[in-house]
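Protein chains in written order, with the working numbering: chain A, 9 to 312; chain B, 9 to 312. Ideal Cβ placement from N, Cα and C applies to all residues, glycine included.
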DNA sequence: TCAATTGTTTGTCCTAGACAAAATTGAGAA
DNA sequence: TTCTCAATTTTGTCTAGGACAAACAATTGA
């Protein structure tokens, strides 16, 4: 019975850390120092892999390699679980509990019923959005595995999509084009934004996730969009954001609005001129009303 | 006005060829030899990228680098386009036309009506799957922009998901867990497979795309899955596939089946022992029947 | 004709150095 | 004190060849 070993390629795959990163960490920080095969190839252990996964989480949270690399795994885990947020309400706790105990059918039912009871807008702002944040935090703390987050995403996506599908084709001006940029693969925020836009009577075109900037521009022209709306999750690289937004703003016709929202959009200090920052789902309605006023459109029936 | 240049990381991302591969090709075959930046970094041109994409396709078809690397792009394209598939039927041409002219509402209507008329199984095997292949090819040939492919994906995804949602919770054995591995972000194949599994009376758990191998294993245990089914699209790195499947097979209980399907799964010559290759959507039904026979389960009502 | 052996091709790993972008620190001004 | 700007450190990704094993092609022998 031999302990399992992992090649550098496997570790890259499992942790998302690049081979270069793993090699240079070994040189600089003295961790991880794997055994070597007869051919001199690195053989990482189970423990290496476990520790690297925690480290990866901490890096995503903003810690820096040099600070945490020397700590024992117990301390890393303590750091990882440190910042418990205390403002959790009961229904969200129930949802998280259902997810953790893999009662997915019940979770689906629970969420669907909440949608029925509260209506779409309340469901999204009071249940879906906070719960998604909670799920993200729980994953960060290591209380939730990635596959559990995936299951959650699938369930909520299903509910949102079928709700959205019922209202498709009914909207009028403005025409909003929704997508995320290439390094952003989380589409839940975009779906929630679309649902809210739809409720406000706007027409939506969803491009899916990870659309290259050139294609966003082309799509805006082809679809004659009035507004391009981008969704940024919390771990979108902050520096890339300003650059991408500037580039996009420079290449879009000036009469086309450019909106950005999501946790990632809130983190950066300043956003480029000509870009509107939507600081939350509640901001979407006013922003659309404002656009309509500026465009001389009559306010939608939903406007307040 | 300067011509666009691509870094080695961008070329890796765009073509799926590894950085090592690009560097060693330059050394061995003298192509591609990109310009260098002031810091000596490789700057690939538009033409390099285009040629590399064709080469990538030819490699996938079984050609070897040494043979084709020296040829001019015109000849490469001749080699590549030689086997133009001619079995396009009128409705698929119509769908592609609607997509290219951005008549998305009409496309949605057309697809929905086809689903109604033909039923789910025929819709998937005769419309959705061939059309998706067609869209992929058209994108490869540059006839379709990425955002148009994204729109297509969103529309079909919406139709499939709402169809699937109606049958959720009705299935029995076997329990099938569907997902894709981290370098695979195309989820349409997985959705089509899920729909067919559902029609066969199986219970499905969808994990979404890009699940790390460790999490696939954990999910299979947590969900007590009978079968883990992975979907691989045409541009999944071929070498990575065997490794990943072996790793997965080694860490899953032997009583849990491991299936793989999709264009990517057909490309590799040999798949590891203990892994079942599903050579098409039509194979799913027989495979499930076979599983039921082996497990001593009664055949489903749909079986036959 | 088929199986076994030999040679060639090809992808990935290795080391170790360099550099720029990002994050941090420190100094000086409002 | 708080803010801004410059200097410094940290960190990721690039570079160059060399090495080797697995996959493939060609050759030999039965």
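Exercise for the section: State yes or no: is the beta carbon of residue 40(B) nearer than 8 Å to at least one beta carbon in chain A? Expected result: With respect to chain A, the C-beta atom of residue 40(B) has no partner C-beta closer than 8 Å.
Exercise for the section: Helix, strand or coil for residue 188(B), going by three-state DSSP, please let me know. Expected result: It is coil, neither helix nor strand.
Handout entry: Cross-chain neighbours of residue 64(A) in chain B, by beta carbon under 7 Å
Key = What residue 64(A) touches in chain B, judged by beta-carbon distance under 7 Å, is nothing: the nearest beta carbon there is about 11 Å away.
Practice task
Let me know if residue 312(B) comes out buried or exposed under the rule of 16 or more other beta-carbons within 10 Å of its beta-carbon.
Solution key: Note that residue 312(B) scores a pLDDT of 38, beneath 50, so its modelled location is shaky and nothing firm can be said.
Problem - Three-pair Cβ contact test at 8 Å for the region 128 to 146 of chain A versus the region 177 to 185 of chain A - result: Segments in contact, no.
Exercise for the section: Note down, one range per segment and in chain order, each beta strand (DSSP E) of at least 3 residues found wholly within the region 209 to 263 of chain A. Expected result: Entirely contained in the region 209 to 263 of chain A, the beta strand (DSSP E) runs reaching 3 residues are, in chain order, 210 to 214 and 235 to 239.
Handout entry: Near-chain B residues of the region 142 to 154 of chain A - C-beta to any C-beta below 9 Å
Key = If you check each beta-carbon in the region 142 to 154 of chain A against every beta-carbon of chain B, the ones closer than 9 Å belong to 153 and 154.
Handout entry: Assigned exposure category for residue 232(B) - 16 Cβ within 10 Å defines buried
Key = Under a 10 Å Cβ-count criterion, residue 232(B) is classified as exposed, with fewer than 16 other Cβ atoms of the shown protein chains found around its own Cβ.
Handout entry: Within 8 Å, strictly: CB atoms of residue 296(A) and residue 205(A)
Key = Contact flag set, yes.
Handout entry: Buried or exposed by the 16-neighbour rule on C-beta atoms within 10 Å, applied to residue 283(B)
Key = Buried is the call here.
Handout entry: Exposed unless 16 or more other CB atoms sit within 10 angstroms - verdict on residue 102(A)
Key = Classification of residue 102(A): exposed, given that the 10 Å Cβ count is below 16.
Handout entry: With 16 other Cβ atoms within 10 Å as the buried cut-off, status of residue 264(B)
Key = Classification for residue 264(B): buried.
Problem - Short CB-CB distance (under 8 Å) between residue 272(B) and chain A - result: Judged by the 8 Å Cβ criterion, residue 272(B) is not in contact with chain A.
Practice task
Please specify which runs of the beta strand (DSSP E), each continuous and at least 3 residues long, are wholly inside the region 104 to 167 of chain A, giving them in chain order.
Solution key: When DSSP assignments are scanned along the region 104 to 167 of chain A, no uninterrupted stretch of beta strand (DSSP E) that is 3 or more residues long falls wholly within it.
Problem - Through-space distance from residue 119(B) to residue 127(B), alpha-carbon basis - result: If you take the alpha carbons of residue 127(B) and residue 119(B), they lie about 11 Å apart.
Handout entry: Nearest-angstrom Cα separation, counted from residue 23(B) out to residue 61(B)
Key = About 6 Å.
Handout entry: Proximity to residue 78(B) [Cα-Cα], best of 25(B), 34(B) and 251(B)
Key = The shortest Cα separation from residue 78(B) among 25(B), 34(B) and 251(B) belongs to 34(B).
Exercise for the section: Return no unless some Cβ of chain B is closer than 8 Å to the Cβ of residue 159(A). Expected result: Chain B contact via Cβ: present.
Handout entry: Extent of the continuous beta strand (DSSP E) run through residue 197(A)
Key = Segment 196 to 207 is the alpha helix (DSSP H) holding residue 197(A); no beta strand (DSSP E) there.
Practice task
Could you check the C-alpha separation between residue 50(A) and residue 260(B) for me, to the nearest Å?
Solution key: In a straight line, the C-alpha of residue 50(A) is about 24 Å away from that of residue 260(B).
Handout entry: Opening and closing residue of the alpha helix (DSSP H) in which residue 285(A) lies
Key = Counted as a single uninterrupted DSSP element, the stretch harbouring residue 285(A) is not any alpha helix (DSSP H) but the beta strand (DSSP E) occupying residues 283 to 286.
Exercise for the section: Could you say if the region 167 to 183 of chain B and the region 195 to 215 of chain B meet the contact criterion of at least three C-beta pairs nearer than 8 Å? Expected result: By the Cβ test, the region 167 to 183 of chain B is in contact with the region 195 to 215 of chain B, since at least three Cβ pairs between them sit closer than 8 Å.
Exercise for the section: Compare the beta carbon distance of residue 252(B) and residue 286(B) with 8 Å and say whether it is the shorter of the two. Expected result: Between residue 252(B) and residue 286(B), the C-beta gap is not smaller than 8 Å, which leaves the two residues out of contact.
Problem - C-beta atoms of residue 155(A) and residue 223(B) nearer than 8 Å - result: Closer than 8 Å, so yes.
Practice task
Give a yes or no on whether the C-beta atoms belonging to residue 30(A) and residue 133(A) are separated by under 8 Å.
Solution key: Not in contact: residue 30(A) and residue 133(A) (Cβ atoms no closer than 8 Å).
Exercise for the section: Return the CA-CA distance between residue 83(A) and residue 114(A), expressed in angstroms with no decimal places. Expected result: Rounded to the nearest angstrom, the two C-alpha atoms are 36 Å apart.
Problem - Collapsed DSSP secondary structure at residue 99(B) in the structure displayed - result: Correct three-state label for residue 99(B): helix.
Practice task
Give a yes or no on whether 8 Å exceeds the smallest Cβ distance from residue 221(B) to chain A.
Solution key: Yes, because at least one Cβ of chain A sits closer than 8 Å to the Cβ of residue 221(B).
Exercise for the section: Quickly, what does DSSP pair residue 269(B) with across the bridge? List them, please. Expected result: DSSP lists 239(B) and 286(B) as partners of residue 269(B).
Exercise for the section: Please say whether residue 189(B) and residue 219(B) have beta carbons closer to each other than 8 Å? Expected result: Taking C-beta atoms as the reference points, residue 219(B) and residue 189(B) count as a pair closer than 8 Å.
Exercise for the section: Would you tell me roughly how many angstroms separate the C-alpha atoms of residue 303(B) and residue 106(A), rounded to the nearest one? Expected result: Going from the Cα of residue 303(B) to the Cα of residue 106(A) covers about 30 Å.
Exercise for the section: Quick one: grab the DSSP three-state call for residue 26(A). Expected result: The DSSP-derived three-state label of residue 26(A) is coil.
Handout entry: residue 110(B) versus residue 158(B) - alpha carbon distance
Key = Cα to Cα, the separation comes out at about 12 Å.
Handout entry: Beta-carbon spacing of residue 178(A), residue 129(A) below 8 Å
Key = A distance of 8 Å or more separates the beta carbons of residue 178(A) and residue 129(A).
Handout entry: Exposure of residue 88(B), with buried meaning 16 or more beta-carbon neighbours within 10 Å
Key = Buried is the label assigned to residue 88(B), since at least 16 other Cβ atoms lie within 10 Å of its Cβ.
Practice task
Check whether the Cβ of residue 194(B) lies closer than 8 Å to any Cβ atom in chain A.
Solution key: No - not a single Cβ of chain A is within 8 Å of the one on residue 194(B).
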